[in-house]
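Beneath this line is the structure, given in structure tokens, with notes to follow.
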Amino acid sequence: MKNIRLLTIICCLLFSVAATAQVPYKRIADAGAEPGNWLTYSGDYQSHRFSRLAQITPANVGRLKTAWVYQFKQLGRQETSPAVVDGVMYVSESPTIVTALDARTGRTLWSWRRNISPLVKTIGFGRSNRGVAILDDTVYVGALDCYLVALDAKTGAVRWETKVEDNSAGYSITAAPLAIDGKIIVGVSGGEAGIRGFLDAYDAKTGKLAWRCWTIPGPEEPGRETWGGDSWKTGAGSTWLTGSYDPELNLLYWGTGNPGPDWNGDSRPGDNLYTCSLLAIDAATGKIKWYFQFTPHDVHDWDSNQIPVLIDANWQGRPRKLVAMANRNAFYYLLDRVTGEFLLGEPYAKQTWAKGLDAKGRPIVLPNTEPTIEGNLVWPSLQGATNWHSPSYSPLTKMFYVAAREMGAYYYKGEAEYKPGTFFAGGGERVLGGDKAYGAVRALDVTTGKMKWEFRLQEPPWAGVLATAGGVVFGGSNEGNFFALDAATGKPLWDFQTGSPITANPISFLVDGKQHVAIAAGQALFVFCLPSAGTER
Amino acid sequence: MQRGELLKAVAGAGLGAVCAPMIRKARRLCLFAFFFAAAIAAARPGQDPIAALTADDLAHGKRLYVGQCALCHGIEGVGGRGPALNQPTQRRAKDYQALYVVIKNGVAGTEMPSAWHMTDREVWRVVGYIRSLNRVEDAKPTGDAGRGRELYRAKGCAVCHIIRGEGGASGPELTEIGARRSATYLREALIDPSASAPEGFLVVSVITRAGRSIRGVRVNEDSFTVQLRDDEDRFHSFRKNELRSLKKEFGVSTMPSYKTLAATELDDLIAYLASLGGAK
């Protein structure tokens, strides 16, 4: 009898190990059906960063306790968003480390570190890694030296690695890749190094390039006329955050970064397509199906890499496939994601650069808002009204939650001389910091963009938000608070001081049938859950 | 640009929470100072980057200086919130190579940000313009620093200010104040303290739910809590949801005005303060 029980346990263990190793594409496409896992960067292909778990509610969130804390191996702040599959958490950290943790205890199962040279080029950004992708039995990570690496999900052993581009020219990867059916999609950083941006798709099994979609049109390609002279060659348009995917349309939605040089547009007259845009890309071919440019001829470094959130909702009386984005330029946009048609644009934070948007969504730029040698005060600052930290959408409240930054800056225009692999930005800024700046978590009505509530933060935040089916929104402050708000009203319900500015996105998952919430803060990953009955202290 | 990693380093100084990452970042930048200096030497063997500047370079340097430096250092480099630059030597920049490094990287632990956004050539133009400012011999304050020191003691300044480890902390430390502020600025601050209320010493008044009122200097604040130091040097910590009101008195200083001092006394006090930190 004893032996039979032991055999049963061993079989269960073997099964659970086998289960951790299998994340077929179908599971990710149907991520909403298994809210106990967190299978892709933003939780699902729609990038809702919404957890369908409902155990933690406004009524009980005040009792949240630390379940465990994992200390990262590397000094410095982490910007990671973990993935969780069948009891295993895959967490990345800078410069390029991936660790598999027992989601129950935080104990390490394996850890892999890429040998990154101290001379690796990260021009204009930190040495961060924001997360991994998982497909079948493989974990995929973008490396700071601009390689895509595939790891065995069970052991961390390297299956293959592919050079994406040349780091010496300023290309790098900080974003989590996106796994779709048979392909791994990866975007690049390097917008301050005069790169020519692109989005790549690789065969998930072999690492062979399937297609490359340039974000800057080359000679003879439409859009080339929006660049004066040879400026397209150093036009930037990086793809440094993880986009979204509509399996039905087989379209990827990916934001693009600033044009280069950032703050001095003299050498690049024209709209500079497809920088500061949202691209809808055919996942089979890599061809651009449509584009929408938020900030033509940007001179404030307002990348549009923010997360495109795919929403199916009624628009003017009929159901539409929509895509929403709270843009760095301080406007919230709603587009038709089949056609790219502009439907709505509303400011969600202070902005002093545009009179508004015209009927097609093009900004009506105010005079004297360009950077100057002496400095020109404009809202938002170059870090934007939001940045890389994720928004969240709750299909229950129909609200779009965004961690907004209220900060102005003096924008400076400077010289820009292109030398491969060096800072190519043409100026910069001095922010109005301290008490002249603040932040807020804002809830926007998803189809009108109107603010339903806000919860004010002491400083402009760098942490994303997570809405849950329990009616709670989790967020983080730059002063170190990890907190929960009522999703319906914004009322603060719970907070915890982590001891470090929070520069990461929260996720939620189940362990032993119990809802957990995780957030990286400083050099640690904190995991919270409700106390078990009878164990509350 | 992905994140304000470098950019945050130039965010305005203020709360400890804001300052700490800024200082860490600035320290890291300082580590690069050596490499920058090495790069300068390597890039310009045997050349004098100042001598190579043209009149147009200096005019450009002036525009950069006026727009980005003069707020603290004065239009003609006479100083103010930052040290005067129209002096033969600078405490932190004994020569123009060192001045280049200070501008490029900022100064850790001070309000001096890095000019991360300027090209090397632009920084040299600013250095060139600063070098072209009228050199004035140190206009020594007319007062008697020794008598000023006695006044400092007699007037109880040390209750709120620290000099070389002695004193209270409800006002800014003054150990190096002579190196950081011009004599003119110090005079204005003594006469009208609220006109130059120092960052990081925001006066805050709170009323608790129980009706208790406390006023003090903000020591720290996050989105949910605030910490104060009252005028008797006691710490208070509040959760914001425990407060009936939280009033921030921007532009207010708890320091009394010393305009009632005799003119010679004021001169003496300024002479003493200006002598702190080996100021020139």
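Line by line, the protein sequences are chains L and E. For the first sequence, this note's numbering begins at 1 and goes up steadily by one. For the second sequence, this note's numbering begins at 1 and goes up steadily by one. Here a beta-carbon is modelled for each residue, glycine too, at the ideal position from N, C-alpha and C. The model shown is predicted, which means the values in this text are computed figures rather than measured ones.
Near residue i, what residues of its chain come up, given a Cβ to Cβ distance below 6 Å and the 5 sequence neighbours on each side ignored?
i, result
"L273/L", "G223, T226"
"E79/L", "S128, R130, T503, A504"
"P460/L", "R405, M407, A437, G439"
"P49/E", "W124"
"I163/E", "L174, T175"
"F496/L", "F482"
"R430/L", "Y410"
"G148/E", "D268, L269, A271, Y272"
With burial defined as no fewer than 16 other Cβ atoms inside 10 Å of the residue's Cβ, what is the status of residue i: buried or exposed?
i, result
"N241/E", "exposed"
"D57/E", "buried"
"N115/L", "exposed"
"K62/E", "buried"
"A39/E", "Confidence in A39/E is poor, its pLDDT being 45 and thus under 50, which makes the residue's placement unreliable; the coordinate value appears in the next sentence. With fewer than 16 other Cβ atoms within 10 Å, it is exposed."
"A43/E", "Summary for A43/E: the model assigns pLDDT 45, below 50, so the residue's position carries little reliability, and this model does not support an answer."
"E122/E", "buried"
"L278/L", "buried"
"Q351/L", "buried"
"F250/E", "exposed"
"A20/E", "Caution applies to A20/E, whose pLDDT of 39 falls short of 50 and renders its modelled position unreliable; the value that the coordinates give is listed next. A20/E is exposed by the Cβ-count criterion."
"D233/E", "exposed"
"E220/L", "exposed"
"R328/L", "buried"
Look up residue i in the DSSP assignment and give the residues it is bridged to.
i, result
"L236/E", "Rather than Leu, the amino acid found at residue 236/E in this sequence is His. L228/E."
"G187/L", "L199/L"
"C213/L", "L199/L"
"F483/L", "G475/L, D495/L"
"Q71/L", "A524/L"
"L241/L", "L241/L pairs with nothing; no bridge assigned."
"E166/E", "I163/E"
"R91/E", "Paired residue(s): none; R91/E is not in a bridge."
"V441/L", "A403/L, F455/L"
"C529/L", "K65/L, H516/L"
"M118/E", "In DSSP, M118/E forms no bridge with anything."
"Y90/L", "A83/L, A100/L"
"Q55/L", "Paired residue(s): none; Q55/L is not in a bridge."
Assuming residue i contacts residue j (C-beta within less than 8 Å), just tell me the rounded distance between them.
i, j, result
"F455/L", "P492/L", "6 Å"
"I123/L", "G170/L", "5 Å"
"R49/L", "G449/L", "With a Cβ gap of about 19 Å, R49/L and G449/L do not count as contacting."
"W38/L", "I507/L", "5 Å"
"A204/L", "V132/L", "Going by Cβ atoms, the distance from A204/L to V132/L rounds to 13 Å, so no, they are not a contact pair."
"Y393/L", "I311/L", "6 Å"
"Y45/L", "P247/L", "7 Å"
"K321/L", "V338/L", "5 Å"
"G315/E", "A158/E", "Past the edges of chain E, shown from 1 to 280, lies residue 315/E, and the structure says nothing about it."
"L396/L", "S51/L", "Their Cβ separation, rounded to whole angstroms, is 11 Å, which puts L396/L and S51/L out of contact at 8 Å."
Apart from the five residues just before and just after residue i, which ones in its own chain have a Cβ nearer than 8 Å to its Cβ?
i, result
"T260/E", "none"
"K247/E", "V204, S205, V206"
"L6/L", "With a pLDDT of 48 at L6/L, under the threshold of 50, the modelled position of this residue cannot be trusted; read the value that follows with caution. Taken in chain order, the list of residues that qualify is empty."
"T264/E", "G143"
"V568/L", "Since the first residue of chain L shown is 1 and the last is 537, residue 568/L is not available in this structure."
"W68/L", "T105, G106, V527"
"N250/L", "D282, A283, A284"
"K73/L", "E93, I97, T99, S111, R113"
Residue i: beta carbon under 7 Å from a heavy atom of the ligand NAP?
i, result
"V226/E", "Ligands in the displayed structure: none, and consequently the ligand NAP is not present."
Enumerate in chain order the residues of its own chain whose CB-to-CB distance from residue i is below 7 Å, with the five nearest sequence positions on each side excluded.
i, result
"W453/L", "A443, T489, G490"
"F15/L", "Confidence at F15/L is low in this model, with a pLDDT of 44, below 50, so the placement of that residue is unreliable and no value is reported for it."
"G426/L", "P261, D262, W263, N264, K413, G414, E415, A416"
"V23/L", "L39, V85, I134, L135, D136"
"L276/E", "I163, L174, T175, E176, I177, G178"
So, is the C-beta of residue i closer than 8 Å to a C-beta in chain B?
i, result
"R209/E", "Going by chain labels, chain B is absent from the structure shown, which instead holds the protein chains L and E."
Between the segment 60 to 69 of chain E and the segment 168 to 182 of chain E, do three or more beta carbon pairs fall short of 8 Å? no
Three or more beta-carbon pairs under 8 Å between the segment 260 to 273 of chain L and the segment 229 to 237 of chain L, yes or no? Judged by Cβ distances under 8 Å, the segment 260 to 273 of chain L makes contact with the segment 229 to 237 of chain L, as three or more pairs qualify.
Closer than 8 Å is the cut-off here; do at least three beta carbon pairs connect the segment 62 to 74 of chain L with the segment 467 to 478 of chain L? The segment 467 to 478 of chain L and the segment 62 to 74 of chain L do not touch, with fewer than three beta-carbon pairs separated by less than 8 Å.
For the pair the segment 359 to 368 of chain L and the segment 387 to 400 of chain L, tell me if three or more CB-CB distances fall below 8 Å. Result no; under three Cβ-Cβ pairs closer than 8 Å.
Does the segment 267 to 277 of chain E come close enough to the segment 143 to 153 of chain E that 3 or more CB-CB pairs lie under 8 Å? yes
Contact between the segment 159 to 177 of chain L and the segment 200 to 208 of chain L is defined here as three or more beta-carbon pairs at a separation below 8 Å; is this criterion met? yes
Evaluate contact between the segment 294 to 305 of chain L and the segment 376 to 396 of chain L, counting only Cβ atoms and requiring at least three cross-stretch pairs below 8 Å. yes
The segment 509 to 525 of chain L in contact with the segment 72 to 91 of chain L per 3-pair CB rule at 8 Å: Enough Cβ pairs lie closer than 8 Å, so yes.
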